[in-house]
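S.K.: The sequence shown begins at 1 in UniProt numbering and counts up one residue at a time.
Beta carbons are placed, not taken as given, at the ideal position from N, Cα and C, and that holds for glycine.
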Amino acid sequence: MPKFRLISSKTCPYVQRSVMALREKGIAHDIDYVDLSDRPDWFVAISPLGKVPVLEVTRDDGTKVVLFESVVINEYLDEVTEGSMLPAEPLERARCRAWIEFGNAVLNDTFNVTAAKDEAALSEVLKKLGMKLDRLERE
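(1) Using alpha carbons as the reference points, say which of M20, H29, P13 lies closest to P2.
(2) Assuming K10 is part of the alpha helix (DSSP H), what are its boundary residues?
(3) Inspect the beta-carbon positions of S8 and I27 and report whether they are closer than 9 Å.
(4) Could you check what DSSP says for T58 in three-state terms: helix, strand or coil?
(5) If you reduce the DSSP assignment to three classes, tell me which class I46 lands in.
(6) With a cut-off of 8 Å on the beta carbons, I'd call F68 and P40 a contact; round off their distance for me.
(7) From which residue to which residue does the alpha helix (DSSP H) around L67 run?
(8) How far does the beta strand (DSSP E) with D32 in it reach, from first residue to last?
(9) Measure the C-alpha to C-alpha separation of E82 and E75 and round it to an integer number of angstroms.
(10) Cα-Cα, which of G62, P87, A88, L126 is closest to V106?
(11) Return the CA-CA distance between L136 and W99, expressed in angstroms with no decimal places.
(12) For S84, is the classification buried or exposed, using 16 other Cβ atoms within 10 angstroms of its Cβ as the cut-off for buried?
(13) Let's see if you can read the secondary structure: which residues bound the alpha helix (DSSP H) around K128?
(14) D109 to K64, Cα distance in whole Å?
See below:
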């Protein structure tokens with residue numbers, strides 16, 4: 001089994017999805033944290049987008065491969081371990097993937113709350129986020 005090292009930021013909500021997948025699947029892993037406001041050179045060298053999460057996979061022969069983007073990381077983790085986190089039936093699996101994308105939109109709005117430049121922008125983001133959360137409540 002390969003060795004897994006998740007590179008994270010303590011404030012990134014997207015990383016939490018990969019942390020949950022690693023824990024749900026019972027996969028042994030290390031976590032290293034980077035300060036995204038002062039990215040170390042080693043991180044910039046391995047992260048094509050300069051973002052977290054990044055999963056460094058060390059193969060049995062010692063070679064390292066880097067995966068990025070939490071959805072991609074989670075799909076990989078699900079495929080290389082027993083028991084799928086997604087339903088086997090194609091329509092239900094597609095439905096789950098659609099809700100994963102919905103989760104992406106919620107996370108984007110959540111981030112935008114912290115990045116709002118003024119009261120008007122904050123109000124607009126909170127309105128969008130509220131509508132999404134209301135929709136989720138009805139599901």
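M.R.: Here's the rundown:
(1) The residue labelled residue 2 in the question sits at position 2 within the sequence shown. Out of M20, H29, P13, H29 has the C-alpha closest to the C-alpha of P2.
(2) Indexing the sequence shown from 1 puts residue 10 at position 10. Where K10 is concerned, there is no enclosing alpha helix (DSSP H), given that its DSSP letter is neither H nor E.
(3) On the sequence shown, position 8 is the one that residue 8 refers to. On the sequence shown, position 27 is the one that residue 27 refers to. Not a contact, by the Cβ cut-off of 9 Å.
(4) Counting from one through the sequence shown, the residue named residue 58 turns up at place 58. Three-state DSSP puts T58 in a strand.
(5) Working through the sequence shown from its first residue, we reach residue 46 at position 46. Of the three classes helix, strand and coil, the one that applies to I46 here is helix, per DSSP.
(6) Locating residue 68 in the sequence shown gives position 68, counting from the first residue. Locating residue 40 in the sequence shown gives position 40, counting from the first residue. Not confirmed; about 16 Å, so no contact.
(7) Along the sequence shown, read from residue 1 onward, the residue named residue 67 stands at position 67. Counting along the chain, L67 falls outside any alpha helix (DSSP H), though it belongs to the beta strand (DSSP E) covering 64 to 68.
(8) Here the question's residue 32 lines up with position 32 in the sequence shown. Looking at the DSSP string, the run of the beta strand (DSSP E) that includes D32 is 30 to 33.
(9) In the sequence shown, counting from the first residue as 1, residue 82 sits at position 82. In the sequence shown, counting from the first residue as 1, residue 75 sits at position 75. Roughly 13 Å between the two C-alpha positions.
(10) Here residue 106 corresponds to residue number 106 of the sequence shown, with the count starting at 1. Ranking G62, P87, A88, L126 by Cα distance to V106 puts L126 first.
(11) Numbered from 1 along the sequence shown, position 136 holds the residue referred to as residue 136. Numbered from 1 along the sequence shown, position 99 holds the residue referred to as residue 99. One C-alpha to the other measures close to 9 Å.
(12) Numbered from 1 along the sequence shown, position 84 holds the residue referred to as residue 84. S84 is exposed by the Cβ-count criterion.
(13) What you label residue 128 is simply residue 128 of the sequence shown in a count that begins at 1. Segment 119 to 138, the alpha helix (DSSP H) holding K128.
(14) Your numbering for residue 109 matches position 109 in the sequence shown. Your numbering for residue 64 matches position 64 in the sequence shown. One C-alpha to the other measures close to 34 Å.
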